[in-house]
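Chains as they are written, first to last, in my numbering: chain S, 704 to 1023; chain R, 704 to 1023.
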């Protein structure tokens, strides 16, 4: 089980390495949402997302021997860049396994952090087999994206910093995909304040955690179609979900249009860039997916990695 | 003359009212520019630009009697919103004089801060006469955009905060239009470190300060055509320019394309939104308008108020 001391240890490992990201407020957002919101800007984290916290904590927790030959991650998204950057800081090789049809910009960004990208054909190969073979052949250590206590502990430090800055939150809301961020933040927040209410947020189309929550056990769905490309994991994790089930009040769902509207607000009024996934918790509060009236609400803006061409499209869409 | 103690007094007035904006760094920016850059993010200041510092300091320096009937500013840009917000904080009326053809979004934003917007016809009326008449009739106090020591002192607090955080800068670069920001920051920075080198930056098309600098006296140009709408003042101020002439090493010029390229970098990699004017100093460093090699360079990102429709255009332009 994930303990609060795991998060404190992660904080010590991340100290001076991860950014202590700023916490923003917006009077207009508060007026429109009817509550008082504190935005933890993990879109300004190193490599552009909270993922760096977990990946670095995982690698830093390995013995010198375990990590000496390098690390491996499966990801075409923020976990890829986070693992690549964390490995570079340790001066060890990183191998990132991506599907052959991964967007060029993500491949380039990952290589930009010094990682080796290895492609697999998602129609004829299993990425797990590809990864397992590479780990065996090269002695690489796996850095899982979410279903690992060191990963969760790293992600939980985002909530720790937020609550150090704003101690008297009534509610904490975070996006959820594999639920590493949500589980880590839930353990942190409920330890500091046992009466805090925790909400996870996911896209309507990618409602695997919502379904799992209803059923009380992990439910898988086909890879969902949503612009929130960071929230397309088809199921919460085996280790993360029991924590979510125990500590989270409920899972809220937002539409792609609500994500875009919220990204636009955050960009225009708060002057910071979130990716669609990164704006999910803010969208749930802004579009009043449950009654937050008058509450002090902490929100994790989880990431800001979005292709500028796609962003231009979002800005022109529903633009008035 | 503007004294360092004026800036310290402004800091006290702004304490707890203005945001102490964060200072960002970007490894990639440094690698590409060949120097070490510290970005003071005034795009995250209240009302989206450094202008709030000066406007608030000006109003806070008035006697209760002077400001009791309200304040007036001429502006269709960031100074309008800054003055409106500062007046609202004091609970006094603000009248903003704008041309009839000012963009609707700027009118709406200014009204959103509670100001009364009064239009003048720029073809048949003088804005000064309109403003003077309103000040006389209503007993309003003028809040000038730059040519005023209280305004300059407020803007100088941006450099003060930056140098408290990063004491050993070799260079400080700021955009210049009327030169209130540049003059205030130059007095601050050279007081703290007499050997620091100060640079102003303006668009190639709006090179009035560059021309004035060459000639050694204030030179006016026709309103320049540039996307940097915050830098279209046709001449530096009578009070600001002597300070610039004395303390600034030189004025650097950047093209509109360089502004867009730099805005795009800052948005994509640093996840924060600057307006074209706001990216000017960063553009001069990034595009190596003089030799900054190896230096520790402080940059003021001066504002982030940009229409999202226009932004979409900038993102699609020269997109690769």
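Positions of the beta carbon are idealized from the N, C-alpha and C atoms, including for glycine.
Keep in mind it's a predicted model, so treat the numbers as computed, not measured.
Problem - CB of residue 787 of chain R within 8 Å of CB of residue 834 of chain R, strictly - result: No, they are not a contact pair.
Practice task
Leaving out five residues on either side along the sequence, give the residues of the same chain with a beta carbon under 6 Å from the beta carbon of residue 938 of chain S.
Solution key: The beta carbon of residue 938 of chain S lies closer than 6 Å to those of 911, 921, 923 in the same chain, with the five residues before and after it left out.
Handout entry: Which of helix, strand or coil DSSP assigns to residue 980 of chain S
Key = Helix, per DSSP.
Practice task
State yes or no: is the C-beta of residue 1052 of chain R within less than 8 Å of the C-beta of residue 965 of chain R?
Solution key: Lying outside 704 to 1023, the shown extent of chain R, residue 1052 of chain R is not represented and no answer is given.
Exercise for the section: Using a Cβ cut-off of 7 Å, pull out every chain R residue sitting near residue 718 of chain S, in sequence order please. Expected result: Within chain R, no residue comes near residue 718 of chain S; the closest Cβ sits about 18 Å away, beyond 7 Å.
Exercise for the section: Tell me whether residue 741 of chain S counts as near the ligand PLP, meaning its Cβ is closer than 7 Å to at least one heavy atom of that ligand. Expected result: Here there are no bound small molecules, and the ligand PLP is not part of this structure.
Problem - Cβ neighbour criterion (16 or more within 10 Å) applied to residue 1022 of chain S - result: Bear in mind that a pLDDT of 47 at residue 1022 of chain S, under 50, signals an unreliable position, so the model cannot answer this.
Handout entry: Reference residue 745 of chain R, options R:1018, R:1005, R:915, R:973, closest by Cα
Key = The alpha carbon of residue 745 of chain R has as its nearest neighbour, out of R:1018, R:1005, R:915, R:973, the alpha carbon of R:1005.
Practice task
May I have a chain-ordered list of the alpha helix (DSSP H) segments no shorter than 4 residues that lie completely inside the region 875–915 of chain S?
Solution key: The region 875–915 of chain S contains these whole alpha helix (DSSP H) runs: 883–895.
Exercise for the section: Would you please verify whether the beta carbon of residue 909 of chain S is less than 8 Å from any beta carbon of chain R? Expected result: By this cut-off, residue 909 of chain S is not an interface position.
Problem - residue 721 of chain S to residue 813 of chain S span [Cα, whole Å] - result: Cα-Cα distance, rounded: 18 Å.
Problem - Proximal residues to residue 942 of chain S (C-beta, below 6 Å), its chain only, five neighbours per side dropped - result: Result list for residue 942 of chain S: 850, in chain order.
Problem - Through-space distance from residue 739 of chain R to residue 762 of chain R, alpha-carbon basis - result: C-alpha separation (whole angstroms): 36 Å.
Practice task
Please compile the residues from chain R whose C-beta is within a distance smaller than 7 Å of the C-beta of residue 725 of chain S.
Solution key: Ordered by position in chain R, the residues that pass the 7 Å Cβ test against residue 725 of chain S are 725.
Problem - For residue 735 of chain R and residue 928 of chain S, the rounded distance between their alpha carbons - result: Rounded to the nearest angstrom, the two C-alpha atoms are 37 Å apart.
Exercise for the section: Taking only the alpha-carbon atoms, compute the straight-line gap between residue 1045 of chain R and residue 798 of chain R and give it to the nearest angstrom. Expected result: Limits of chain R in this structure are 704 at one end and 1023 at the other, which puts residue 1045 of chain R out of reach.
Practice task
Answer with yes or no whether the minimum CB distance from residue 887 of chain R to chain S is below 8 Å.
Solution key: Among the CB atoms of chain S, none fall inside 8 Å of the CB of residue 887 of chain R.
Handout entry: Cβ neighbours of residue 765 of chain S in the same chain (closer than 7 Å, five flanking residues each side left out)
Key = Correct list, in chain order: 844.
Practice task
Determine whether the Cβ of residue 974 of chain S lies closer than 8 Å to any Cβ atom of chain R.
Solution key: Nearest CB-CB separation between residue 974 of chain S and chain R: below the 8 Å threshold.
Handout entry: Proximal residues of chain S, C-beta to C-beta of residue 967 of chain R below 7 Å
Key = Neighbours of residue 967 of chain R across chain S, judged by C-beta separation under 7 Å: 1011.
Handout entry: Within chain S, partners of residue 1007 of chain R - CB distance below 8 Å
Key = What residue 1007 of chain R touches in chain S: 974.
Exercise for the section: Would you mind telling me which residues of chain S sit closer than 7 Å to residue 790 of chain R, beta carbon to beta carbon, in chain order? Expected result: Identification of chain S residues near residue 790 of chain R by a Cβ-Cβ cut-off of 7 Å yields none; the smallest Cβ-Cβ distance measures about 15 Å.
Handout entry: Between the CA atoms of residue 914 of chain S and residue 863 of chain S - distance to the nearest angstrom
Key = Looking at the two C-alpha atoms, the distance is approximately 28 Å.
Exercise for the section: Using a cut-off of 7 Å between C-beta atoms, extract the partners of residue 971 of chain R located in chain S. Expected result: For the C-beta of residue 971 of chain R, the chain S residues within less than 7 Å are, from N- to C-terminus, 1011.
Handout entry: Best match in R:865, R:969, R:997 for proximity to residue 895 of chain R [C-alpha to C-alpha]
Key = Per the Cα distances, R:865.
Handout entry: Contacts that residue 751 of chain S makes with chain R (C-beta to C-beta distance below 7 Å)
Key = Neighbours of residue 751 of chain S in chain R, taken as residues at a C-beta separation under 7 Å, are given in chain order as 974.
Problem - Proximity to residue 709 of chain S [Cα-Cα], best of S:857, S:973, S:828, S:878 - result: The alpha carbon of residue 709 of chain S has as its nearest neighbour, out of S:857, S:973, S:828, S:878, the alpha carbon of S:857.
Practice task
Between the Cα of residue 776 of chain R and those of R:733, R:801, R:936, spot the shortest distance and give me the residue it belongs to.
Solution key: If we check each option's Cα against that of residue 776 of chain R, R:801 comes out closest.
Exercise for the section: Output the boundary residues of the alpha helix (DSSP H) element that contains residue 710 of chain S. Expected result: Looking at the DSSP string, the run of the alpha helix (DSSP H) that includes residue 710 of chain S is 707–717.
Problem - Whole runs of the alpha helix (DSSP H) within the region 834–870 of chain S, excluding any shorter than 4 residues - result: Counting whole runs of 4 or more residues, the region 834–870 of chain S contains the alpha helix (DSSP H) stretches 852–868.
Problem - Cβ shell of residue 946 of chain R (< 7 Å), same chain only, five flanking positions each side left out - result: 705, 886, 889, 890, listed in sequence order.
Exercise for the section: Would you mind sorting residue 784 of chain S into buried or exposed? The rule is 16 or more other CB atoms within 10 Å of its CB. Expected result: Residue 784 of chain S is buried by the Cβ-count criterion.
Practice task
Using alpha carbons as the reference points, say which of R:830, R:905, R:998 lies closest to residue 981 of chain R.
Solution key: Of the candidates R:830, R:905, R:998, the one whose C-alpha sits nearest the C-alpha of residue 981 of chain R is R:905.
Practice task
Would you mind working out which of R:963, R:917, R:936, R:919 sits nearest residue 926 of chain R, comparing C-alpha positions?
Solution key: Sorting R:963, R:917, R:936, R:919 by C-alpha distance to the C-alpha of residue 926 of chain R places R:936 at the top.
Handout entry: Below-8 Å beta-carbon distance, residue 1015 of chain R vs any chain S residue
Key = Contacts with chain S at 8 Å (Cβ-Cβ) include residue 1015 of chain R.
Exercise for the section: Spatial neighbours of residue 978 of chain R within its chain, please: CB distance less than 7 Å, with the 5 preceding and 5 following residues excluded, ordered by chain position. Expected result: Once the five neighbours on either side are set aside, the close Cβ partners of residue 978 of chain R are 933, 1006, 1007, 1008, 1009.
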